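See structure below.
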Amino acid sequence: MKKLFFLMTFVIVTLSAKGQSTGELRLQVGGDYGFEIERFGVNFGAEYLFLDNISVAPNFTVYFPEEDVNASNLNLDVRYYLSHQQLQFYGMAGFTTLWVSSKYMGIKAAASNSGANIGVGTVVKFTDNFGINPEVKYQTLGDGQVVVKAGLVYLLQ
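Counting in UniProt numbering, the sequence shown runs without a single skipped number right up to 157 at its last residue.
Below you can see the structure in the form of structure tokens.
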């Protein structure tokens, strides 16, 4: 059964090769893990290719609450694509802001921290409109942290 699934996946990927192009819009949902804050979160994002190799990709993560602490993260990234087929590698850089709110002994506190992102990732297209997006990036906010993200991508155009 696993061999059949692998073969079907390989055939779909091979037959549906199509590169990205200017004006393409992608929507993404997935998860990420921040190693410094030691939290897993749900990530929502979009990407717009304004040139064949360059896109803007804002995304927002809501981390799962732990005890009385909530956290969320906004990233505004620019991606530069190195390849254009069903396996699309990119380098990225951008801006990030992390918000944390907590409640301790009935007292509420909130803080935010901003920094830069730098990382690499890939979009693996299974069909013309669907793929996955693994990514690893380093955020300079606070003491710095590595974030690993994996998401499902839907290509609108």
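Even for Gly, the Cβ is constructed at its ideal location relative to N, Cα and C. Predicted model only: the values in this text are computed from it and were never measured.
{"Query": "Give the single residue among Gly142, Val136, Gln145, Asp143 whose Cα lies nearest to the Cα of glycine 151.", "Result": "Val136"}
{"Query": "Below 8 Å, how does it come out for the region 83-92 and the region 58-67: are there three or more Cβ pairs, yes or no?", "Result": "no"}
{"Query": "Just reading off the beta strand (DSSP E) that glycine 23 is part of, what are its end residues?", "Result": "Per DSSP, glycine 23 belongs to no beta strand (DSSP E) and is neither H nor E."}
{"Query": "Answer yes or no: do asparagine 75 and glycine 94 have a C-beta to C-beta separation smaller than 8 Å?", "Result": "yes"}
{"Query": "Spatial neighbours of serine 101 within its chain, please: C-beta separation below 6 Å, excluding the five flanking residues on both sides.", "Result": "Asn70, Ala110"}
{"Query": "My guess is that asparagine 117 and threonine 97 are in contact by the Cβ rule of under 8 Å, so how many angstroms apart are they, rounded?", "Result": "Incorrect: roughly 11 Å between the Cβ atoms, too far for contact."}
{"Query": "Flag this pair as yes or no: are the beta carbons of aspartate 32 and lysine 149 separated by less than 8 Å?", "Result": "yes"}
{"Query": "Do glutamine 28 and glycine 45 have their C-beta atoms within less than 8 Å of each other?", "Result": "yes"}
{"Query": "What beta strand (DSSP E) runs, 3 residues minimum, are completely inside the UniProt domain \"Outer membrane protein beta-barrel\" (27-141)?", "Result": "39-49, 54-66, 69-81, 87-104, 107-125, 130-139"}
{"Query": "By a C-beta neighbour count over all protein chains shown, 10 Å radius and 16 as the cutoff for buried, is tyrosine 104 buried or exposed?", "Result": "exposed"}
{"Query": "On the DSSP letters alone, give me the boundaries of the beta strand (DSSP E) that leucine 156 sits inside.", "Result": "Looking at the DSSP string, leucine 156 is not in any beta strand (DSSP E), and its letter there is neither H nor E."}
{"Query": "Going straight from the alpha carbon of valine 147 to that of serine 114, what length do you get?", "Result": "15 Å"}
{"Query": "Measuring only the C-alpha atoms, how far is phenylalanine 50 from valine 78?", "Result": "10 Å"}
{"Query": "Apart from the five residues on each side of it in sequence, which residues of its chain come closer than 6 Å, Cβ to Cβ, to glycine 34?", "Result": "Gln145, Val147"}
{"Query": "Would phenylalanine 6 be called buried (16 or more neighbouring beta carbons within 10 Å of its own) or exposed?", "Result": "With a pLDDT of 41 at phenylalanine 6, under the threshold of 50, the predicted position of this residue should be treated as unreliable, and no value is reported."}
{"Query": "So the candidates are Phe64, Glu66, Glu24; which of them puts its Cα closest to the Cα of tyrosine 48?", "Result": "Glu24"}
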